[in-house]
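Visitor: Numbering (our numbering), first residue to last: 346 to 442.
Every residue gets a Cβ at the ideal spot worked out from N, C-alpha and C, and that includes glycine.
Attaching a single structure in C-alpha coordinates format; questions to follow.
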(Lines of atoms letter the chains of each structure in order from A; the text may use other names.)
(Lines give C-alpha, C1' and ligand atoms only; values in the text may rest on other atoms or scores of the structure.)
Protein backbone atom coordinates (compact mmCIF):
# COMPACT_ATOMS: atom_id res chain seq x y z
CA UNK A 346 0.00 0.00 0.00
CA UNK A 347 1.41 3.33 -1.06
CA UNK A 348 1.09 6.31 1.28
CA UNK A 349 0.08 9.48 -0.48
CA UNK A 350 -0.26 12.91 1.02
CA UNK A 351 -0.43 16.47 -0.15
CA UNK A 352 2.53 18.53 1.06
CA UNK A 353 0.23 21.56 1.15
CA UNK A 354 -1.53 19.93 4.10
CA UNK A 355 1.65 20.37 6.13
CA UNK A 356 3.33 23.43 4.66
CA UNK A 357 1.50 26.61 3.81
CA UNK A 358 2.70 27.74 0.43
CA UNK A 359 2.08 31.26 -0.73
CA UNK A 360 1.63 32.08 -4.37
CA UNK A 361 1.15 35.42 -6.05
CA UNK A 362 -2.45 34.46 -6.78
CA UNK A 363 -3.22 33.39 -3.20
CA UNK A 364 -1.68 36.54 -1.71
CA UNK A 365 -3.53 38.69 -4.25
CA UNK A 366 -6.83 37.00 -3.43
CA UNK A 367 -6.32 37.49 0.31
CA UNK A 368 -5.46 41.16 -0.23
CA UNK A 369 -8.58 41.66 -2.36
CA UNK A 370 -10.71 40.01 0.33
CA UNK A 371 -9.25 42.22 3.08
CA UNK A 372 -9.72 45.43 1.09
CA UNK A 373 -13.29 44.47 0.20
CA UNK A 374 -14.02 43.62 3.86
CA UNK A 375 -12.64 47.00 4.97
CA UNK A 376 -14.78 48.76 2.39
CA UNK A 377 -17.90 46.89 3.48
CA UNK A 378 -17.17 47.39 7.21
CA UNK A 379 -16.95 51.13 6.50
CA UNK A 380 -20.31 50.80 4.72
CA UNK A 381 -18.85 52.25 1.53
CA UNK A 382 -20.06 51.35 -1.91
CA UNK A 383 -17.53 51.05 -4.70
CA UNK A 384 -18.88 54.33 -6.04
CA UNK A 385 -18.30 56.20 -2.77
CA UNK A 386 -14.84 54.66 -2.35
CA UNK A 387 -14.07 55.78 -5.89
CA UNK A 388 -15.06 59.34 -5.03
CA UNK A 389 -13.10 59.38 -1.75
CA UNK A 390 -9.96 57.77 -3.16
CA UNK A 391 -9.83 59.35 -6.59
CA UNK A 392 -9.59 55.88 -8.15
CA UNK A 393 -12.09 55.18 -10.90
CA UNK A 394 -15.09 52.99 -10.17
CA UNK A 395 -13.99 50.67 -13.00
CA UNK A 396 -10.54 50.24 -11.41
CA UNK A 397 -12.06 49.38 -8.03
CA UNK A 398 -14.45 46.90 -9.63
CA UNK A 399 -11.63 45.33 -11.65
CA UNK A 400 -9.49 45.03 -8.51
CA UNK A 401 -12.25 43.36 -6.50
CA UNK A 402 -13.10 41.00 -9.36
CA UNK A 403 -9.65 40.17 -10.77
CA UNK A 404 -7.01 41.50 -8.37
CA UNK A 405 -5.60 43.79 -11.07
CA UNK A 406 -4.70 47.33 -9.96
CA UNK A 407 -1.78 49.73 -10.08
CA UNK A 408 0.24 50.20 -6.92
CA UNK A 409 -0.58 53.91 -6.84
CA UNK A 410 -4.33 53.20 -7.05
CA UNK A 411 -4.06 50.56 -4.32
CA UNK A 412 -2.28 53.07 -2.09
CA UNK A 413 -5.02 55.65 -2.75
CA UNK A 414 -7.68 53.08 -1.79
CA UNK A 415 -5.74 52.15 1.35
CA UNK A 416 -5.51 55.83 2.29
CA UNK A 417 -9.27 56.30 1.80
CA UNK A 418 -9.90 53.25 4.01
CA UNK A 419 -7.53 54.50 6.72
CA UNK A 420 -4.94 51.77 6.34
CA UNK A 421 -2.15 53.41 4.36
CA UNK A 422 0.27 52.88 7.28
CA UNK A 423 0.00 49.12 6.74
CA UNK A 424 2.10 49.52 3.61
CA UNK A 425 4.95 51.04 5.62
CA UNK A 426 5.36 47.68 7.37
CA UNK A 427 6.00 45.79 4.13
CA UNK A 428 9.54 44.44 3.91
CA UNK A 429 10.24 45.84 7.38
CA UNK A 430 11.57 42.57 8.85
CA UNK A 431 15.31 42.18 9.09
CA UNK A 432 16.80 39.72 6.62
CA UNK A 433 18.60 36.91 8.43
CA UNK A 434 21.60 35.69 6.49
CA UNK A 435 23.39 33.81 9.27
CA UNK A 436 21.53 31.96 12.03
CA UNK A 437 24.53 32.08 14.38
CA UNK A 438 24.58 35.87 14.25
CA UNK A 439 20.81 35.95 14.80
CA UNK A 440 20.91 33.77 17.91
CA UNK A 441 24.03 35.44 19.35
CA UNK A 442 22.46 38.92 19.34
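Run through DSSP, which three-state label would residue 367 get?
Guide: Residue 367 carries a helical assignment under DSSP once its states are collapsed to helix, strand and coil.
Visitor: Which stretch, first to last residue, makes up the alpha helix (DSSP H) that contains residue 415?
Guide: Counting along the chain, residue 415 sits inside the alpha helix (DSSP H) bounded by residues 408 to 417.
Visitor: I'd like to know if the segment 416 to 433 and the segment 396 to 404 are in contact, where contact means that at least 3 CB-CB pairs between them fall below 8 Å.
Guide: Flag = no, the segment 416 to 433 and the segment 396 to 404 do not touch.
Visitor: Can you round the beta-carbon distance between residue 424 and residue 412 to whole angstroms, since I take them to be within the 8 Å contact cut?
Guide: 6 Å
Visitor: May I ask which residues mark the beginning and end of the alpha helix (DSSP H) holding residue 379?
Guide: Taken as a continuous stretch (DSSP letters only), residue 379 belongs to no alpha helix (DSSP H), as it is neither H nor E.
Visitor: Is it right to say residue 364 is buried, meaning 16 or more other beta carbons lie within 10 angstroms of its own, or is it exposed?
Guide: exposed
Visitor: Can you check whether the CB of residue 394 is closer than 8 Å to the CB of residue 376?
Guide: no
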